[in-house]
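Q: Supplied in structure tokens, the structure appears directly below.
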Amino acid sequence: MTQLATNQSPDIPEGKTAGPWREAWTGFKKSKAALAGAFIVLFFVALALVGPLIAPEGINEQDITKRLMAPSSAHWFGTDDLGRDILSRVIHGSRISLWVGFFSVIGSVVVGSALGIIAGYYGRWVDTVISRLFDIMLAFPSILLAIAIVSVLGPSLRNALIAIAVINVPNFGRLIRSKVLSIKQDEYITAARGIGMRDTRILFSHILPNSMAPVIVQGTLAVATAILEAAALGFLGLGAQAPAPEWGKMLADARNYLRDAPWTMIFPGLAIMLTVLGFNLMGDGLRDALDPRMKN
Amino acid sequence: MTKPLLKVEGLKKYFPVKKGPLGRVRGHVKAVDGVSFDVYPGETLGIVGESGCGKSTTGRMLMRLLEPTEGRIEFDGRELTGLGPEEMRKVRRDIQMVFQDPFASLNPRHTVGKILEEPLIVHGVKDAADRKKKVREFLDIVGLSGYHASRYPHQFSGGQRQRIGIARALMTNPKLIIADEPVSALDVSIQSQVLNLMQDLQREFGLTYIFIAHDLGVVRHISDRVGVMYLGRLVELADSEALYDKPLHPYTQALLSAVPVPDPGFEREQIVLEGDIPSPANPPSGCTFHTRCPFRMDVCITTVPILRQTDTGHSVACHLYGGEADGNDNKTLVTEGSI
């Protein structure tokens, strides 16, 4: 009994071993849907990065003689009412949609996390004020709130992005707050205080990294909704302005030609659908991989 | 007599009970209600009691992880209760804690190396190579190996994790280690290993322990002196041998009679206390034990007994021993059905 194996744990190979992130990746790889989602997302990210190089035409090269042409070998996705190549515009549009998606979510995550951490860690009246603020924001239907914000700021892509970021803040704020509340009770936080750590170090070195997993999941899913919301605002004329090839805006412009030239609407719509699907599949996979309850 | 390393006087912790929509305070839970004791350098003071008696709360107050409601804590000649956060932070270098749950007390996202390095970073060891060297050294000391530094806590067993927790407590060369039920989450076979490790470390580094536990056998094994707590108060404090050979307080007697003996043929009279432990939100008047005590007298209901010395190194808070310490031996033997 005195010489029980305390020096070796035979089940673990020596050397650098799996951390929590690597373990999550192993779990993520197991899901085919998640991999497909990640592949779609990567495809659109790549498209956005190299888009201008591979797009056959620019976003605003008009040729009235070739307006509303059906898909052909010259124009794979056909042309719109001004004779612009739809394929080129969809490719360029991926930049706008992903840009809005990523940056609005980053904005919401940063602001929401900061507020959520403050509310969760310091508690008391600070928590009450911040939480009630979130409640007020959540009381509005989110798209209505976004429309209101854009109406105040004036319609433009930048303002649409700000509006989308703002309406998503309370979602992240509440998520982080609840996570911080539960982590704050964990014994390793008491232990950290016990060894003489300062509050700021505890926050950034212990609480923050441990509350990030649900944020990553929620963030991925939120990119999808943000893209949809941007498209909705674009469709309503409150987002990107002509001639920007924003997908939602392209849908709105194509509305009048739906019966005669359905390709003007189908391809931007497909692009929106695929991107959103990709982010959703990836988010679901991440949730399964990062959720400790799914592990055994 | 040597100067005590830690001197605790009248330590109290009352948790407010809030009720109603406005959160008005409707009374207090008296988790710790006036505890006093001294701890001398190099010794191990065991603190035992049922769950909820305030022993962990006491331990946490000593490090001011919980703010005491009242009382004085003098450590190494310094009063701790009045210190500001930054001064207190520096004192924590000398007082460290080992926690009960080896699974919850290590950050799952940090490697063992990082967990052990952190106390050094926090207390200003600037040189990274120095820190790494010390981490390896202490991993060896607690019976693990240097290469374990790159692993994560979930890759270790409970006993190994507790060794990591002990190593973390040792990193800053503390004088006092408060061990809050360090072995109660472990298998019995692993418990003795960890206890032996703690004893070896005590000899090697001249540590002083406050060892909190609910297992009397474990406490007997490791402690020089033992304090028994009941409902937030210290009811008996004595040298380990004296306490186990001749327990004075009726509560201690009942506790000891419940310790299992590894002999199936052994028969003895078990003292089974009646009733439940009363709520600390509304503790009984006088001696808090009087509701369950087989020797209850009238004075017990009205007057709080103070902890007084009855013998060299033996103190008890019980009216049975008021005034003269001797001549009460008959009362330490319990007869059945006397309530």
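These protein sequence lines map, in sequence, to chains B and C.
When the letters of the first sequence are read in order and numbered with this note's numbering, they come out as residues 305 to 600.
When the letters of the second sequence are read in order and numbered with this note's numbering, they come out as residues 708 to 1046.
Even for Gly, the Cβ is constructed at its ideal location relative to N, Cα and C.
#1: Please report whether the beta-carbon of M255 of chain B lies at a distance below 7 Å from any beta-carbon of chain C.
#2: Can you give the Cα-Cα distance for E781 of chain C and V404 of chain B, rounded to whole angstroms?
#3: Count the other CB atoms, across all protein chains shown, that sit within 10 Å of the CB of L718 of chain C; report buried if there are 16 or more and exposed otherwise.
#4: From I363 of chain B to R388 of chain B, what distance separates their C-alpha atoms?
#5: Helix or strand or just coil, what does DSSP make of A309 of chain B?
#6: Excluding the five sequence neighbours on either side, which residues of its own chain have a C-beta within less than 6 Å of the C-beta of D801 of chain C, listed in chain order?
#7: Could one say the Cβ of R497 of chain B lies closer than 7 Å to chain C's Cβ atoms, at least one of them?
#8: P549 of chain B and G397 of chain B look like a contact to me (Cβ under 8 Å); what is the Cβ gap, rounded to whole Å?
#9: Kindly indicate which three-state DSSP category G420 of chain B falls into: helix, strand or coil?
#10: Flag L1073 of chain C as yes if its beta-carbon sits less than 7 Å from any beta-carbon of chain B, otherwise no.
#11: Can you tell me whether P723 of chain C is buried or exposed, with buried defined as 16 or more other CB within 10 angstroms of its CB?
#12: Return the chain-ordered list of same chain residues with a C-beta closer than 6 Å to the C-beta of D588 of chain B, the five sequence neighbours on each side being excluded.
#13: Under a Cβ-count criterion, where at least 16 other Cβ atoms within 10 Å of its own Cβ denotes burial, should T709 of chain C be classed as buried or exposed?
#14: Would you verify that the beta carbon of P775 of chain C is, or is not, closer than 7 Å to some beta carbon of chain B?
#15: DSSP three-state label for P317 of chain B, please.
#16: So, for K726 of chain C: in the same chain, excluding its five sequence neighbours on each side, which residues have a beta-carbon less than 6 Å away from its beta-carbon?
#17: Output the distance between the C-alpha atoms of I493 of chain B and P826 of chain C, rounded to the nearest integer angstrom.
#18: According to DSSP, which residues form a beta bridge with S1022 of chain C?
#19: In or out: W325 of chain B buried (at least 16 other Cβ within 10 Å) or exposed?
#20: Which of the residues in the stretch 775-802 of chain C, read from start to end, lie with their CB under 9 Å from any CB of chain B?
#21: For S685 of chain B, does the three-state DSSP call read helix, strand or coil?
#22: For T432 of chain B, decide whether its Cβ has a neighbour in chain C, counting only Cβ atoms nearer than 7 Å.
#23: Taking buried to mean at least 16 other C-beta atoms within 10 Å of its own C-beta, is I822 of chain C buried or exposed?
#24: In terms of residue numbering, what span does the alpha helix (DSSP H) encompassing T751 of chain C cover?
#25: If I measure Cβ to Cβ from A738 of chain C and keep anything under 8 Å in the same chain, skipping five residues before and after, which residues do I get?
#26: From C:V979, C:D970, C:Y958, pick the residue whose C-alpha is nearest to that of H1026 of chain C; which is it?
#27: Give the single residue among C:V755, C:V746, C:D745 whose Cα lies nearest to the Cα of L950 of chain C.
#28: Could you tell me which of C:A876, C:M770, C:G982, C:R838 sits nearest to L908 of chain C, measuring between CA atoms?
#29: Hey, does D847 of chain C have any beta-carbon neighbour from chain B nearer than 7 Å?
#30: Which chain D residues sit within Cβ distance under 7 Å of D490 of chain B?
#31: What are the partner residues of T383 of chain B, as DSSP defines its beta bridges?
#32: Along chain C, in chain order, which residues have C-beta atoms closer than 7 Å to that of H510 of chain B?
#33: Label L955 of chain C either buried or exposed according to how many other C-beta atoms from any shown protein chain fall within 10 Å of its C-beta, with 16 as the threshold for buried.
#34: Does the beta-carbon distance from T568 of chain B to I531 of chain B come in below 7 Å?
#35: Excluding sequence positions up to five away, which residues of its chain have a Cβ less than 6 Å from the Cβ of K714 of chain C?
#36: Checking the sheet assignment: what are the DSSP bridge partners for L877 of chain C?
A: Judging by the given coordinates:
#1: Residue 255 of chain B lies beyond the residue range present for chain B, which begins at 305 and ends at 600; the question has no answer from this structure.
#2: In a straight line, the C-alpha of E781 of chain C is about 59 Å away from that of V404 of chain B.
#3: Around the beta carbon of L718 of chain C, 16 or more other beta carbons lie within 10 angstroms, which makes this residue buried.
#4: The straight-line gap separating the alpha-carbon atoms of I363 of chain B and R388 of chain B is approximately 7 Å.
#5: At A309 of chain B, the pLDDT of 42 sits below 50, so the modelled position is not reliable and the matter cannot be decided from this model.
#6: Excluding its 5 nearest sequence neighbours in each direction, D801 of chain C has C-beta neighbours in its own chain below 6 Å: P881, K882, listed in chain order.
#7: Yes - at least one Cβ of chain C is within 7 Å of the one on R497 of chain B.
#8: Right, the Cβ-Cβ distance comes to about 4 Å (below 8 Å), so this counts as a contact.
#9: Residue state, collapsed to three classes: helix.
#10: Residue 1073 of chain C lies beyond the range of chain C shown here (708 to 1046); nothing can be said about it.
#11: It is exposed - the Cβ of P723 of chain C has fewer than 16 other Cβ atoms within 10 Å.
#12: Hits under 6 Å: none found.
#13: Per the 10 Å Cβ criterion, exposed.
#14: It does not: the Cβ of P775 of chain C has no partner Cβ on chain B nearer than 7 Å.
#15: Low confidence applies to P317 of chain B: its pLDDT is 45, below 50, so where it sits in the model is not reliable, and the reading given next is rough at best. The answer is coil: DSSP assigns P317 of chain B none of H, G, I, E or B.
#16: R733.
#17: The alpha-carbon atoms of I493 of chain B and P826 of chain C are separated by roughly 13 Å.
#18: Answer by DSSP bridge pairing, in chain order: C:L944, C:Q1016.
#19: By the neighbour-count definition (other C-beta atoms within 10 Å, threshold 16), W325 of chain B is an exposed residue.
#20: Under the 9 Å Cβ criterion, the stretch 775-802 of chain C contributes P792, E793, M795, R796, K797, V798, R799, R800, I802.
#21: There is simply no residue 685 of chain B to check, as chain B begins at 305 and stops at 600 in what is shown.
#22: Contact of T432 of chain B with chain C is not assigned, every C-beta pair being separated by 7 Å or more.
#23: The residue is buried, with at least 16 neighbouring Cβ atoms inside 10 Å.
#24: Bounds of any alpha helix (DSSP H) do not take in T751 of chain C; it lies within the beta strand (DSSP E) bounded by 751-755.
#25: Here the set comprises K720, Y721, F722, G761, T764, G939, P987.
#26: The residue from C:V979, C:D970, C:Y958 with its alpha-carbon nearest to that of H1026 of chain C is C:Y958.
#27: The residue from C:V755, C:V746, C:D745 with its alpha-carbon nearest to that of L950 of chain C is C:V755.
#28: Proximity to L908 of chain C across C:A876, C:M770, C:G982, C:R838 peaks at C:A876, based on C-alpha coordinates.
#29: No, its Cβ sits nowhere closer than 7 Å to a Cβ of chain B.
#30: Among the protein chains of the structure shown, namely B and C, there is no chain D.
#31: Bridge partners of T383 of chain B according to DSSP: B:D389.
#32: By Cβ distance, chain C contributes N814.
#33: Taking every protein chain shown into account, the CB of L955 of chain C has 16 or more other CB atoms within 10 angstroms, so this residue is buried.
#34: Their beta carbons are not under 7 Å apart, which means T568 of chain B does not touch I531 of chain B by this criterion.
#35: Spatial neighbours of K714 of chain C in its own chain (CB-CB distance under 6 Å, excluding positions within 5 residues in sequence) are listed in chain order as D745, E781.
#36: Paired residue(s): none; L877 of chain C is not in a bridge.
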